[in-house]
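Below is one structure, written out as structure tokens; the observations come after it.
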Amino acid sequence: MKFKKYLSGSVAALCLAATCFGTAALADGKKAEVIHWWTSASEAAAIKVFADRFQEAGGEWVDNGIAGDAAKQTFTNRLLGGNPPQVGQFNVTREFEEIVDAGLLNNLNAEAEAGNWAEVLPGIINNVIKRDGNYYAVPVNIHGSNWLWYNKAAFEKAGAKPPTDWDSFFEAVDKLKADGAVPLAVGGEAWQERLTFNAVLLSVAGRDFYLKLFNDRDAELIKSEKMGEVIDVYTRLRDLVRETDKGSPGRSWNETTSMVITGKAAMQIMGDWAKGEFISAGQKAGVDYGCIPAVIPQSPYMISGDVFVFPKTGNEADRETQSLMVNVMLDKETQVAFNNVKGSIPVRSDVDPSKLDPCGAQAIKLTSSDATHVGSTGMYITPDLAGAIQDIYTEYWNASDMTKEDMVARLVETFETVN
Amino acid sequence: MKYPLISSRLAARLTILPFVVIALTIFVGCVLWSVQLSFTSSKLLPNSDFVGLDQYIRLFNTTRWIVSLKNMVIFGVLFTSGSLILGFLLAVFIDQKVRAESFFRTVFLYPHALSFVVTGLAWQWFLNPALGLQEMVRVAGWESFTFDWLVNRDFAIYTVVFAAIWQASGLVMALMLAGLRGVDPEIWKATKIDGVPTWRVYLHVIIPILGPVIFTSVILLSLSVVKGYDIVVAMTGGGPGIATEVPAKFVLDHLLQRANIGLAMAGATVMLLTVIAALAPWLYVKHVKKGANG
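Line by line, the protein sequences give chains A and B. In this text, residue positions in the first sequence follow UniProt numbering: the first is 1, and each later residue adds one. In this text, residue positions in the second sequence follow UniProt numbering: the first is 1, and each later residue adds one.
Structure follows, in structure tokens:
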């Protein structure tokens, strides 16, 4: 019986303590808990820019960085459990629309109107952060996921020229191969193989095809000749990697980038986050390494990025804090400072381009006009469908017994059955 | 005199009651909820939009799920039998009254102190053609030496089996050794007098005596087969391609990355049924047969 008493006593004590903490948190004014997944060294340095500016503006930043997908899961669970943080992070995709529909997020129309978002943000991103005409998220950066990075010294040594189309790409490959370098290094993880496929798709089939396929979900296009050409180039790349880059399977993207940095490999197709690796190795864009946005010049540039969302917390004071956070994050100077550390480019097109590096300056030109860029697939299709087609890309990349026709049939079936 | 007895029993039951309630609501309740969700179209958030067997139909039309199930069977059979055999042999070895017994015991048991994640990473480095074993032998002079199972889609799953056996056989050894030490020395004396060869004693006398220990080991090992996730993520990430995917990874990917709770729960339900199917013979022997005898 003593034990039981002790037990109920301690349970009561626990409950009491919990309520105490709860009320303490509510009483404080400009305190914002931020759940995010930027925990690696360069990412943490980037989010610290936001934290510092927010503190300067009179807020109190409570950092809750959680590595990987667990961040979104934690955020969603706390949101559903009725104990949301003031700020949470998502990618610029459709993944948070269910939360919007469930009425769990504050709408940001007032901030959007005051900041003239409709004018300064790229149209595609505007579409994703708006639902039924209302704004629900603050985009903070633009990443481009289809870049070609190459080692200038390796190209000179082999007498190869940076590609201007796929024919000249494979000409360069032959010269590089003869010279002994790995012509194209690909990290053999599913998402990197998907990134490669999308880069090929955009450069071969173009913007309209891409949008019809993913935005209008026109599965007939998969059976078209154009798609056949896409798969042919993808297959040539696959065979090239199998022949020359034996260490590919399972290799991470940054190990792959370091092969290009050291000259072991000549080229890599990767997003602009690779730039951080070149910078931290002390290399200079245009001198030691070259960058071609969209892999093949004149192709559409594929953009993605991160947003922050602001849950309803049931507390008026929090709404003001959230408003302050929105304005800090989208401030012009903060945008440049943050994105230079992060490796991405500012989400607003009205910043001073001279403050960006040569690669970033090329990229911001492509994002200022709607005709030169598209959104990442996640802006048009659900993570479920994106994942299911990624499984097919990676299976084909690694298979020996899967034909082009198999791939087309599987893609069509997936487009028709998965929502 | 009976009164105090009843009251103490009542008190004991009352004490246990909260835990029983918690266990029932959390474990059984969550299991039931998961199963229920597998019949809905739940995406990121749980909903109650009933779609019948749609998720199961999609599940079994998905190549990746089929590959995952096959891998679970390959991994399960090879890992369980491999760990049992290796663990038993190690235990027999140590039971020969070898010198420095405690040293060997520690060495063999040591891998089990590492988590599957660490095991997976260590073996990934060791088997990586560009960094590990293959490169080492090549640098040492044998330049045509090739051992690329880790990056070969037909063999990658076996490297995961190796690593898992390496990790788990120490535990089996410890259990078996305890069992061997419990064998009555008189049995050994008797077989010595009869002149039975040692290997036959092990095979026909000792192994049957170790029955319960073997059974415990099998249960422990099969649990790590079904929930096997971390070692695959650390070693191969499911690749090359989808060659080493396992069911638990399928479920977690659809839960965490792909925002499809319905499909993930359908996968989890199939896993649960697998466990029940594997445990059914044991439950039958333990409860039904005993009941019949008693």
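Built from N, CA and C at the ideal position, the CB exists for glycine as well.
Helix, strand or coil: how does DSSP classify residue i here?
{"i": "Lys312/A", "result": "coil"}
{"i": "Pro293/A", "result": "strand"}
{"i": "Asp63/A", "result": "strand"}
{"i": "Met267/A", "result": "strand"}
{"i": "Lys227/B", "result": "coil"}
{"i": "Gly87/B", "result": "helix"}
{"i": "Gly206/A", "result": "helix"}
{"i": "Gly170/B", "result": "helix"}
{"i": "Leu104/A", "result": "coil"}
{"i": "Gln55/A", "result": "helix"}
{"i": "Ile142/A", "result": "strand"}
{"i": "Ala137/A", "result": "strand"}
{"i": "Ala285/A", "result": "strand"}
{"i": "Lys5/A", "result": "Confidence at Lys5/A is low in this model, with a pLDDT of 42, below 50, so its placement is unreliable and the value that follows should be read with caution. Looking at Lys5/A - three-state DSSP - the assignment turns out to be helix."}
{"i": "Val182/A", "result": "strand"}
{"i": "Gly159/A", "result": "coil"}
{"i": "Ser8/B", "result": "helix"}
{"i": "residue 295/B", "result": "What the structure shows of chain B is the stretch from 1 to 294, and residue 295/B is not part of that stretch, so it cannot be assessed."}
{"i": "Gly378/A", "result": "helix"}
{"i": "Arg131/A", "result": "strand"}
{"i": "Gly68/A", "result": "coil"}
{"i": "Gly188/A", "result": "strand"}
{"i": "Met265/B", "result": "helix"}
{"i": "Thr274/B", "result": "helix"}
{"i": "Met402/A", "result": "coil"}
{"i": "Trp273/A", "result": "coil"}
Should residue i go down as buried or exposed, given a rule of 16 or more other Cβ atoms within 10 Å for buried?
{"i": "Ala27/A", "result": "Only weak support exists for where Ala27/A lies, its pLDDT of 41 falling under 50; the coordinates are left without a value."}
{"i": "Leu279/B", "result": "exposed"}
{"i": "Asp318/A", "result": "buried"}
{"i": "Cys359/A", "result": "buried"}
{"i": "Lys70/B", "result": "exposed"}
{"i": "Met136/B", "result": "exposed"}
{"i": "Ala308/A", "result": "Note that residue 308/A is Phe in the sequence shown here, rather than Ala. With 16 or more other Cβ atoms within 10 Å, it is buried."}
{"i": "Val31/B", "result": "exposed"}
{"i": "Gly59/A", "result": "buried"}
{"i": "Val213/B", "result": "buried"}
{"i": "Asn419/A", "result": "exposed"}
{"i": "Arg348/A", "result": "buried"}
{"i": "Tyr393/A", "result": "buried"}
{"i": "Glu43/A", "result": "buried"}
{"i": "His204/B", "result": "exposed"}
Quick one, are the C-beta atoms of residue i and residue j less than 8 Å apart?
{"i": "Ile303/A", "j": "Ser376/A", "result": "yes"}
{"i": "Trp149/A", "j": "Gln322/A", "result": "no"}
{"i": "Leu78/B", "j": "Val161/B", "result": "yes"}
{"i": "Gln55/A", "j": "Ala190/A", "result": "no"}
{"i": "Pro383/A", "j": "Arg258/B", "result": "yes"}
{"i": "Tyr380/A", "j": "Pro300/A", "result": "no"}
{"i": "Val120/A", "j": "Val92/A", "result": "no"}
{"i": "Met265/B", "j": "Ser34/B", "result": "yes"}
{"i": "Gly267/B", "j": "His254/B", "result": "yes"}
{"i": "Asp245/A", "j": "Val182/A", "result": "yes"}
{"i": "Trp147/A", "j": "Gly343/A", "result": "no"}
{"i": "Lys312/A", "j": "Asn134/A", "result": "no"}
{"i": "Val183/B", "j": "Ile206/B", "result": "yes"}
{"i": "Phe155/A", "j": "Pro163/A", "result": "no"}
{"i": "Glu395/A", "j": "Ile242/B", "result": "yes"}
{"i": "Met61/A", "j": "Ala32/A", "result": "The sequence given here has Trp at residue 61/A, not Met. Yes; because the gap between Cβ atoms is below 8 Å, this pair is in contact."}
{"i": "Ala178/B", "j": "Gly120/B", "result": "no"}
Go to residue i, then tell me how far its beta strand (DSSP E) extends in each direction, as first and last residue.
{"i": "Trp149/A", "result": "Trp147 to Asn151"}
{"i": "Gln55/B", "result": "Not the beta strand (DSSP E): Gln55/B falls in the alpha helix (DSSP H), residues Asp54 to Phe60."}
{"i": "Ser299/A", "result": "Counting along the chain, Ser299/A falls outside any beta strand (DSSP E), and DSSP gives it neither H nor E."}
{"i": "Ala32/A", "result": "Lys31 to His36"}
{"i": "Glu88/A", "result": "Here residue 88/A is Gly; the residue named in the question, Glu, does not match the sequence. Taken as a continuous stretch (DSSP letters only), the beta strand (DSSP E) holding Gly88/A covers Val87 to Asn91."}
Following the continuous alpha helix (DSSP H) through residue i, name the residue where it begins and the one where it ends.
{"i": "Trp397/A", "result": "Pro383 to Asn398"}
{"i": "Arg258/B", "result": "No alpha helix (DSSP H) contains Arg258/B, which DSSP labels as neither H nor E."}
{"i": "Val418/A", "result": "From DSSP, Val418/A is part of no alpha helix (DSSP H); its letter is neither H nor E."}
{"i": "Met259/A", "result": "Trp253 to Thr262"}
Can you name the residues of chain E whose CB is closer than 8 Å to the CB of residue i?
{"i": "Gly239/B", "result": "In the structure shown, chain E cannot be found, because the protein chains are A and B."}
Runs of alpha helix (DSSP H) lying entirely within the stretch 23-51 of chain B, each at least 4 residues, in chain order: 30-37
query: Whole beta strand (DSSP E) runs in the stretch 306-372 of chain A with 3 or more residues, listed along the chain?
result: 306-309
Segments of 4+ residues assigned as alpha helix (DSSP H) that fall wholly inside the stretch 97-159 of chain B: 101-113, 116-127 and 133-139
message: Quick check on the DSSP output: what are the complete alpha helix (DSSP H) runs of length 4 or more inside the stretch 200-248 of chain A, in order along the chain?
response: 225-244
message: Which runs of the alpha helix (DSSP H) at least 4 residues long sit entirely within the stretch 194-252 of chain B? Give them in chain order.
response: 211-226 and 230-235
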